[in-house]
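Protein chains in written order, with numbering that gives the first Met the number 0: chain Y, 0 to 113; chain Z, 0 to 146; chain C, 0 to 517; chain H, 0 to 221.
A short write-up of the structure that comes next.
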Amino acid sequence: MIAAATIALIVAAVMSAARLFYGPTFYDRVLAVNSFGTKTVLFLAAFAALIGRPDAIDIALLYALINFVATIAILKFFRYRTFDVALSRMGSSAPENAGSTQQGAGAEDDGDLS
Amino acid sequence: MSSNHHLVLRVVAKLLIPAIALFAFYVQFHGDFGPGGGFQAGVILAVAVILYALIFGVDEARRAVPPWLVRAGCAAGVLIYAGVGVATLIGGEAYLDYDALGPEHHHGQHLGILLVELGVLTTVASVMLAIFYAFAGRAPDIPDEEW
Amino acid sequence: MSAADVISLYPAFIVEHAAPLVVVVPLIAAALAAMTPGQRPAWLITLGATGASTLLAILLLAQTMTQGVVSYALGGWVAPIGIEYRVDQLNAMILLLVGVFGFLCALYAPRSVDDEIPQSMRGLFYSCFLVCFTGLMGVAITGDAFNLFVFLEISSLSTYVLVGIGSHRDRRALTASYNYLILGTIGATFFVLGVGFLYAATGTLNIADMAERLSGLEASSTVRAGFAFIVVGLGLKVAMYPLHSWLPNAYTFAPSVVTAFLASTATKVAFYALVRFFYSVFDPGFVFEGAFWIWLVAPLGVIAMLAASVQAVFQTDIRRLFAFSSVAQVGYMLLGLSFGTAAGLGAGLLHLLNHAMMKGALFMAIGAAALRFGVMRIEEFRGLGRTMPFTMAAFTIAGLSLIGVPLTAGFVSKFALLNAALERGWWWAVVAIAVSSILALIYVGRIIEAAYLKAPPTRDGVSAARAPAPLSMLIPLWTLALANVWFGVNAGFTTSLACNAAMMLTGDGVCIGPGAAP
Amino acid sequence: MTAREAAEVASPFLFHEIVFLDIAILAMMAGVGWAIIRERRLFVVVMLSGAYSLLSAAFFVALDAVDVAFTEAAVGAGISTTLMLAAMLLTAREARRPAAGMRIAPLAVVAVTGAALLYATTDLPDFGDPDSPANAYVGRAYLVRTPDEVGTPNVVTAVLASYRGYDTLGETVVIFTAGLGVMLLLGLRGARRSKYAEARRQRQAAARLENQLNNSDEDETS
């Protein structure tokens, strides 16, 4: 029973991965990564039950907590192009400013380390 | 411009940050019994601060965990770890032989492992934060274009 | 003073725990230096730690002389369960080398660092320097293959950082550091893959134990692949000829004191690790199988000696020139190693010691010139013989030693290498040594000519004023320059160090012999 | 008893199911890896690496290496995505396609390395063989001796922190060095610090130029 669930989770993960590869939009990919993470959490829990080792539950728990942070980081990066702003103080109009000032300034400058 | 713009996010984060930090300490102290230890716990603890920085801003995080503390923490962990070794030397045993730390056999080993894992936790958490601060505090220098 | 007398000078506690302390003292000092706010305290910590480490290395050397092998079980766990520190004549020699050069570079550092690194970073710089020192010491002392990897990583990572700090003077240091990082990481990965295969085949990580359990496994493809991975991985760290491309830029753009330290220790320690794996882990009988030495290491050594020397001749940047020269000198050591005899290995190890003295002195002199005049190119060295007489005199001595002029240390080791080549009957190696020495004469000669035979630059008809290097630079510089002469005239100490190590490793009873007393 | 043995006892068919799971996870890893190689948009690469790390952690669990899986989970999925995004702030958003000539040499190196790895595996002991050197010699000694000598239920912790505690000290120093490097090369205050360094560098360059002009009769800055 659990084995069947595990296999089903694998299949679901493959489907999420396909969405991750083919996009096409950015939000598809974010959602795919997030749901891929959820599948992994479930897979680990099911697998822990399958082999009778509860240790993997810890890992699943860790993923559940940390996957959230990664998703927030991806979305914030996409929205604001920087981590240096507080979400609590940033209104909806600010990022447009942040983006537009960069447009002209650094058209050929792709990083000072290159 | 309303400060309620990301209300849900902030509330969820406020709930999750202590949970993540707590989980870090669980991993730290449960390392004797299950998977985990200082390395993993250090990273998880740093993730808690990073989540705080993502939601409330890097400046706010710098006020909560100031850079001087991060810098001191990097070195302090190494000092703790190496210091345990020095303590065992003074206790008359070989370097990092934890038996010198306790009267009874397992006691010394447990205490030693606990202390060195604490050292690892301190260094790992500090270094992860140092890396995050070093990169995340920067303004974007790259042209904005479609992905 | 006999070795036993030396040991009696140290407290009993130190004598007992010298092996871990030689690494742990600079390690703790590195953490302390990172926490110190000011730069002077950080520097004093560095000086004290490297000095203490050197004293401990001397003690360990004395111990190996009296009792042969010093073994120390870290954590009280006897090998192979735990990690063992195992000091024999070879380790003790390398430990002493790293210790002495670390100390001299620490002595040399403050003026150069003040000039090249922003004030707020100097404390951390010293910390990083100490970490690098710790890593090199750790590689040199450990008797455990994985522990060797860990310390190799410590020294490599800190080296990338130390090279990158040169970006405050020249942005290209970042590219140099990045290239070094990529290649160094590939090297480390190869090395750890090799160690992993050996672990899979033997089940142990202790070097002595591994060697024992490898006997009978020579035909195993796992062991062979492990051997190949280790050779390539360490070859990258040694800057073995086709794998040397990271070295010239790293030496050119790093801060002066870092270049002096790296040139005299980093590749030497990697070479030590290579020798350790060739002789102490693998049975030379196995290594010689397929004429691995003759068809791979010896040709690569010779190509390095010739090709890198030719490249050095055409350089205009003086540090780049000596960086290529370093690649060539690594070729000498590899050639010595490839003879597979005690004489060859002894000559290679002797050249390792002497080359550290030469390159240390040369790069220190270049750093002093950079401090006073900001010069880096050969034509800019004109007249330095007059404007910086003490610096250039030491530079000239070290340069002559690099060429291999009699009465210098360089002559002793090249002569020993020639003897070893003749003993083996490899006439082409003799020719290669001669040609490479002539090339060294050309590239060193160009600089000395510029420094002594050309007039100092003038501005508005007034020639540049004399600006001798500060005393804190001249003392370590002249220590090394005089060492080049001392060990050229009286090579007993260095020769016996190298010879004892070579005889212990190869099991041959005869070492350099005629080369010892030119 | 390893997980694999436990599984075999639990169900004679289960073993094959676990093999199926292994193959499925590895296939997905290969797919994600290929996608990472093909993808030029760094942002997507970061997300794919996150997925790759999730998969490798799952695979480590399947291999019964829960400690490794735990580290992979914490480092790979949690922090490296965030740090890589932070690093992306400082670089271009798309990787440049290397010139055709630049691809041959790396391909050759990779091919040779891969061949060497395959060659090495031909004499490797069977997977999970309890009598292989790695499991029978020191590895077994750890299992046997830990309860008596160290007393921690998790043998991995005993090996990591006590038997080979000195290695762990070294690893801690490695991480410390990484921190040192970041603090030295980037500074903890990000842009503000780098502006300061820039001003200082310009001052230094000016001073050096002046120095050179004082000491030479021709322009040496070229």
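Think of the CB as a built atom: it goes at the ideal place given N, C-alpha and C, for glycine as much as any other residue.
Being a predicted model, the structure only gives us computed values, none of them experimental.
Using a Cβ cut-off of 7 Å, pull out every chain H residue sitting near residue 203 (chain C), in sequence order please.
Position 204 of the third sequence holds residue 203 (chain C). For residue 203 (chain C), the residues of chain H that pass the 7 Å Cβ criterion are 136, 137, in the order they occur in the chain.
For chain H, find out if any of its Cβ atoms is closer than 8 Å to the Cβ of residue 56 (chain Y); answer yes or no.
Stepping through the first sequence from its first residue, residue 56 (chain Y) is reached at position 57. For residue 56 (chain Y), the answer is no, since every Cβ of chain H falls outside 8 Å of its Cβ.
Would you say the segment 57–71 of chain Y touches the segment 33–40 of chain Y, given that touching needs at least three Cβ pairs under 8 Å?
yes
Interfacial residues, the segment 50–68 of chain Z to chain Y, with Cβ spacing under 9 Å:
50, 52, 53, 54, 55, 56, 57, 58, 59
Taking DSSP as the reference, what is the three-state secondary structure of residue 70 (chain C)?
Locating residue 70 (chain C) in the third sequence gives position 71, counting from the first residue. Residue 70 (chain C) falls in the strand class under three-state DSSP.
Among H:178, H:106, H:79, H:104, which one has its Cα closest to the Cα of residue 44 (chain H)?
Taking the first residue of the fourth sequence as position 1, residue 44 (chain H) is located at position 45. For residue 44 (chain H), the nearest C-alpha among the options comes from H:79.
DSSP three-state call for residue 128 (chain H): helix, strand or coil?
Taking the fourth sequence and counting its residues from 1, one reaches residue 128 (chain H) at position 129. Coil, per DSSP.
Return the Cβ separation of residue 79 (chain Z) and residue 50 (chain Z) in integer angstroms, given the expectation that the two are a contact with Cβ distance under 8 Å.
Sequence index remark: in the second sequence, residue 79 (chain Z) carries index 80 (1-based). Sequence index remark: in the second sequence, residue 50 (chain Z) carries index 51 (1-based). About 26 Å separates the two Cβ atoms, so there is no contact after all.
Do the segment 94–107 of chain Z and the segment 52–60 of chain Z touch if we need at least three Cβ pairs shorter than 8 Å?
The segment 94–107 of chain Z makes no contact with the segment 52–60 of chain Z: fewer than 3 CB pairs, one atom from each, lie closer than 8 Å.
Can you find a CB in chain Y that lies within less than 8 Å of the CB of residue 168 (chain H)?
Start at 1 with the first residue of the fourth sequence, and residue 168 (chain H) comes out as number 169. With a threshold of 8 Å between beta carbons, residue 168 (chain H) makes no contact with chain Y.
Are residue 272 (chain C) and residue 381 (chain C) close, meaning C-beta to C-beta below 8 Å?
The residue you call residue 272 (chain C) lines up with position 273 of the third sequence. The residue you call residue 381 (chain C) lines up with position 382 of the third sequence. No, the pair does not count as a contact, with Cβ atoms beyond the cut-off.
Compare the C-beta of residue 61 (chain Y) with all C-beta atoms of chain H and state if any pair is closer than 8 Å.
The residue you call residue 61 (chain Y) lines up with position 62 of the first sequence. Yes, its Cβ sits closer than 8 Å to a Cβ of chain H.
Is the beta carbon of residue 375 (chain C) less than 8 Å from the beta carbon of residue 446 (chain C)?
Taking the first residue of the third sequence as 1, we reach residue 375 (chain C) at position 376. Taking the first residue of the third sequence as 1, we reach residue 446 (chain C) at position 447. No, Cβ-Cβ distance for residue 375 (chain C) and residue 446 (chain C) is not below 8 Å.
Between the segment 128–135 of chain H and the segment 187–203 of chain C, do at least 3 Cβ pairs fall closer than 8 Å?
Verdict: yes, contact present.
For the segment 49–113 of chain H, list the alpha helix (DSSP H) runs that are entirely contained and at least 4 residues long, ordered along the chain.
Listed in chain order, the complete alpha helix (DSSP H) runs (minimum 4 residues) inside the segment 49–113 of chain H are 65–70, 79–87.
By a C-beta neighbour count over all protein chains shown, 10 Å radius and 16 as the cutoff for buried, is residue 1 (chain C) buried or exposed?
The sequence position of residue 1 (chain C) within the third sequence is 2, counting from 1. So residue 1 (chain C) ends up on the exposed side.
Residue environment, residue 121 (chain H), which counts as buried when at least 16 other CB atoms sit within 10 Å:
Position 122 of the fourth sequence, counting from 1, holds the residue named residue 121 (chain H). Exposed: under 16 other Cβ atoms inside 10 Å.
Is the shortest distance between the beta-carbon of residue 23 (chain C) and the beta-carbons of chain Z less than 8 Å?
Here residue 23 (chain C) refers to the residue found at position 24 when the third sequence is read from its first residue. Answer yes: the Cβ-Cβ gap between residue 23 (chain C) and chain Z drops below 8 Å somewhere.
8 Å Cβ cutoff, residue 11 (chain Y) in contact with chain Z
By one-based count along the first sequence, residue 11 (chain Y) stands at place 12. Residue 11 (chain Y) does not count as touching chain Z.
Between the CA atoms of residue 40 (chain Z) and residue 254 (chain C) - distance to the nearest angstrom
Numbered from its first residue, the third sequence carries residue 254 (chain C) at position 255. Numbered from its first residue, the second sequence carries residue 40 (chain Z) at position 41. So the alpha carbons of these two residues sit roughly 37 Å apart.
Sort H:55, H:38, H:32 by Cα distance to residue 24 (chain H) and report the nearest one.
The sequence position of residue 24 (chain H) within the fourth sequence is 25, counting from 1. Ranking H:55, H:38, H:32 by Cα distance to residue 24 (chain H) puts H:55 first.
Does chain C have any CB closer than 8 Å to the CB of residue 81 (chain Z)?
The residue given as residue 81 (chain Z) occupies position 82 in the second sequence. Yes, contact with chain C.
Simplified DSSP state of residue 240 (chain C), which is helix, strand or coil:
Residue 240 (chain C) sits at position 241 when you count from the first residue of the third sequence. Helix.
Which partner residues does residue 331 (chain C) have in the DSSP bridge list?
By 1-based counting over the third sequence, the position of residue 331 (chain C) is 332. Partner(s): none; residue 331 (chain C) has no beta bridge.
Those residues which DSSP pairs with residue 155 (chain C) across a bridge:
Within the third sequence, the letter at position 156 stands for residue 155 (chain C). DSSP lists no partner for residue 155 (chain C).
Would residue 489 (chain C) be called buried (16 or more neighbouring beta carbons within 10 Å of its own) or exposed?
Walking along the third sequence from the start, residue 489 (chain C) turns up at place 490. Residue 489 (chain C) is exposed by the Cβ-count criterion.
Per DSSP, what kind of secondary structure is residue 171 (chain C) in: helix, strand or coil?
For the purposes of this step, residue 171 (chain C) is taken as the residue at position 172 of the third sequence. Residue 171 (chain C): helix per DSSP, three-state reduction.
Can you pull the chain Z neighbours of residue 16 (chain C), defined as C-beta to C-beta under 9 Å?
In the third sequence, the residue the question calls residue 16 (chain C) occupies position 17. Near residue 16 (chain C) (Cβ distances below 9 Å), the residues of chain Z are 88, 93, 94.
Using a Cβ-Cβ cutoff of less than 6 Å, which residues in the same chain neighbour residue 502 (chain C) once the five nearest sequence positions on both sides are dropped?
As a working note, residue 502 (chain C) is residue 503 in the third sequence. Here the set comprises 341, 510.
How is the alpha helix (DSSP H) around residue 148 (chain H) delimited, first residue to last?
Locating residue 148 (chain H) in the fourth sequence gives position 149, counting from the first residue. Start and end: 137–148.
Nearest-angstrom Cα separation, counted from residue 101 (chain C) out to residue 58 (chain C):
What you label residue 58 (chain C) is simply residue 59 of the third sequence in a count that begins at 1. What you label residue 101 (chain C) is simply residue 102 of the third sequence in a count that begins at 1. Answer to the nearest angstrom: the Cα atoms are 17 Å apart.
By how many angstroms is the C-alpha of residue 174 (chain H) removed from the C-alpha of residue 116 (chain Z)?
Within the second sequence, residue 116 (chain Z) is the residue found at index 117, counting from 1. Within the fourth sequence, residue 174 (chain H) is the residue found at index 175, counting from 1. Looking at the two C-alpha atoms, the distance is approximately 14 Å.
Could you check what DSSP says for residue 111 (chain C) in three-state terms: helix, strand or coil?
Here residue 111 (chain C) corresponds to residue number 112 of the third sequence, with the count starting at 1. DSSP places residue 111 (chain C) in helix when its eight states are reduced to three.
Determine the contact status of residue 127 (chain C) and residue 183 (chain H), defining contact as a CB-CB distance below 8 Å.
By one-based count along the third sequence, residue 127 (chain C) stands at place 128. By one-based count along the fourth sequence, residue 183 (chain H) stands at place 184. Yes, the Cβ-Cβ distance between residue 127 (chain C) and residue 183 (chain H) is below 8 Å.
Please list the residues of the segment 64–85 of chain Y that have a C-beta atom closer than 7 Å to any C-beta atom in chain Z, keeping them in chain order.
Against chain Z - using a Cβ distance shorter than 7 Å - the residues of the segment 64–85 of chain Y are 64, 65, 67, 68, 71, 72, 75, 80, 81, 82, 83, 84, 85.
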